[in-house]
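Comments concern the structure below.
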Amino acid sequence: MLTIKQTLYRVGKNSPIVQALIEAAENGKQVAVLVELKARFDEENNIIWAKALERVGVHVVYGLMGLKTHAKATLIVRKENDGLRRYVHLGTGNYNAITTKIYTDFGLFTCREDIGADVSDLFNFLTGYSRQKKYRKLVVAPTNMRKFLLEKIEREIEVHRKYGNGLLIFKMNALVDPEMIQALYRASQAGVRIKLIVRGICCLRPGITGVSDNITVISIVGRFLEHSRIYYFRNVGDEEVYLGSADLMQRNLDRRVELLFPIEDTSIKDHIIHNILELYLKDNVKARIMNKDGKYSYVRPEEKSKRINSQIALLPRKFQKAAKTIK
6 MLTIKQTLYR
16 VGKNSPIVQA
26 LIEAAENGKQ
36 VAVLVELKAR
46 FDEENNIIWA
56 KALERVGVHV
66 VYGLMGLKTH
76 AKATLIVRKE
86 NDGLRRYVHL
96 GTGNYNAITT
106 KIYTDFGLFT
116 CREDIGADVS
126 DLFNFLTGYS
136 RQKKYRKLVV
146 APTNMRKFLL
156 EKIEREIEVH
166 RKYGNGLLIF
176 KMNALVDPEM
186 IQALYRASQA
196 GVRIKLIVRG
206 ICCLRPGITG
216 VSDNITVISI
226 VGRFLEHSRI
236 YYFRNVGDEE
246 VYLGSADLMQ
256 RNLDRRVELL
266 FPIEDTSIKD
276 HIIHNILELY
286 LKDNVKARIM
296 NKDGKYSYVR
306 PEEKSKRINS
316 QIALLPRKFQ
326 KAAKTIK
């Protein structure tokens, strides 16, 4: 291993990630870390760890002027028999040993060259060595994420008009951005079905005649904090799935460094669509559905229908029995 680069947003106390970075630097590896000092609730921890990293020679960057870095990315460069190879981890959640036990998140490990090159470009941007504007696979805020998502929604409208069966499924923590809400209203009015899983604040109103008839909104609040972000586009059967760190809020799209990354491996993509997204949409235990007045009511299972708690169903089987006993 030659080099490690990583973004650290919410570090936490006694971080094994930071300890591993310190050990790597002490063993002569080149280590560069972007530490976000404005990570809410973790400012003090981040400052302490940043100083500890600097003491062992880690190149510590404190973010870009005017932008909070919320993206979750790690890049490792190794020298192998056939040359240098880049290994990448991209995630929806923080590199935090505490929150990883109680948040639901996704992470992708890959050594694909196109994604590795994009992540290298991203770190060059974050460390001030470039003004990168174009990426091969990554979608980056504030550079191109807003435009990208709006174009994907408009494409779904167009293909629905031509072929029918348009569908968008978005899962996020919050939906407040006016431009994104208006785009989703336009898609609904065009006949596109839209299923939203929004854990927290949602300023869109579903089920309004002539405006959002084709939109449903559910919120799942259970044992774990729903934290993953998923953006699904049916695209006439050529389905696309993007995961990442960004909610549909002005701060995420315009004032933060955020990432969305595509899931292009067919088996992984199918698993996310059919075993995760569809499961969330079937939840009738912890899911609440938003009414057109903005109030929520619990989704009630039909008589004799199977009760589905999506969070419990997604636990490893050996933990499911114990988890069901928790009130």
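With positions in the sequence shown counted from 1, the corresponding number in the numbering used here is that position plus 5.
In this text, a Cβ means the ideal position worked out from N, Cα and C, and glycines have one as well.
Fair warning: this is a prediction, and the values are worked out from it, not measured in the lab.
- Beta-carbon gap between L13 and I22 smaller than 9 Å: Along the sequence shown, read from residue 1 onward, the residue named residue 13 stands at position 8. Along the sequence shown, read from residue 1 onward, the residue named residue 22 stands at position 17. In this structure, I22 lies closer than 9 Å to L13 by Cβ.
- Query: Along the chain, where does the alpha helix (DSSP H) that runs through A78 open and close?
  - Reply: As a working mapping, residue 78 is identified with position 73 in the sequence shown. First-last for A78: 78-85, but that is the beta strand (DSSP E), not the alpha helix (DSSP H).
- Task: Could you work out which residue in G71, A102, T97, R90 is closest to A25 when comparing CA atoms only?
- Result: As a first step, residue 25 must be located in the sequence shown, where it is residue number 20. The option with the nearest alpha carbon to A25 is A102.
- Message: In whole angstroms, give me the CA-to-CA distance for K34 and T79.
- Response: By 1-based counting over the sequence shown, the position of residue 34 is 29. By 1-based counting over the sequence shown, the position of residue 79 is 74. About 15 Å.
- Query: Whole-angstrom Cβ separation of F229 and I313, contact assumed at under 8 Å?
  - Reply: Here residue 229 is taken as the residue at index 224 of the sequence shown, counted from 1. Here residue 313 is taken as the residue at index 308 of the sequence shown, counted from 1. Not a contact, Cβ separation roughly 15 Å.
- Could you tell me the distance, in whole angstroms, from the CA atom of E308 to the CA atom of D110? If you number the sequence shown from 1, residue 308 lands on position 303. If you number the sequence shown from 1, residue 110 lands on position 105. For E308 and D110, the distance between alpha carbons rounds to 32 Å.
- Classification of D182 by the beta-carbon crowding that lies within 10 angstroms, buried from 16 upward: As a first step, residue 182 must be located in the sequence shown, where it is residue number 177. With 16 or more other Cβ atoms within 10 Å, it is buried.
- Query: The alpha helix (DSSP H) with F153 in it runs from where to where?
  - Reply: Your numbering for residue 153 matches position 148 in the sequence shown. Start and end: 150-168.
- Message: Which residue wins for smallest C-alpha separation from G202, given the options K274, S193, L248, M177?
- Response: Taking the first residue of the sequence shown as position 1, residue 202 is located at position 197. It should be noted that the sequence gives Ile, not Gly, for residue 202. Cα-wise, what sits closest to I202 is M177.
- Task: Locate the beta strand (DSSP E) running through T221, then write down its first and last residues.
- Result: Taking the sequence shown and counting its residues from 1, one reaches residue 221 at position 216. From DSSP, the beta strand (DSSP E) with T221 extends over 220-225.
- Message: Just verifying my parser: in three-state terms, what is the DSSP assignment at R256?
- Response: For the purposes of this step, residue 256 is identified with residue 251 of the sequence shown, where counting begins at 1. If DSSP states are grouped into helix, strand and coil, R256 belongs with the helices.
- Short Cβ contact (9 Å threshold) for L248 with L143: Position 243 of the sequence shown, counting from 1, holds the residue named residue 248. Position 138 of the sequence shown, counting from 1, holds the residue named residue 143. It is not a contact, given that the beta carbons lie outside the stated cut-off.
- What's the gap between the Cα of A146 and the Cα of G62? One-based indexing of the sequence shown puts residue 146 at position 141. One-based indexing of the sequence shown puts residue 62 at position 57. Each residue's alpha carbon lies about 30 Å from the other.
- Query: From what residue to what residue does the alpha helix (DSSP H) around S272 run?
  - Reply: Within the sequence shown, residue 272 is the residue found at index 267, counting from 1. Run containing S272: 271-275, per the alpha helix (DSSP H) assignment.
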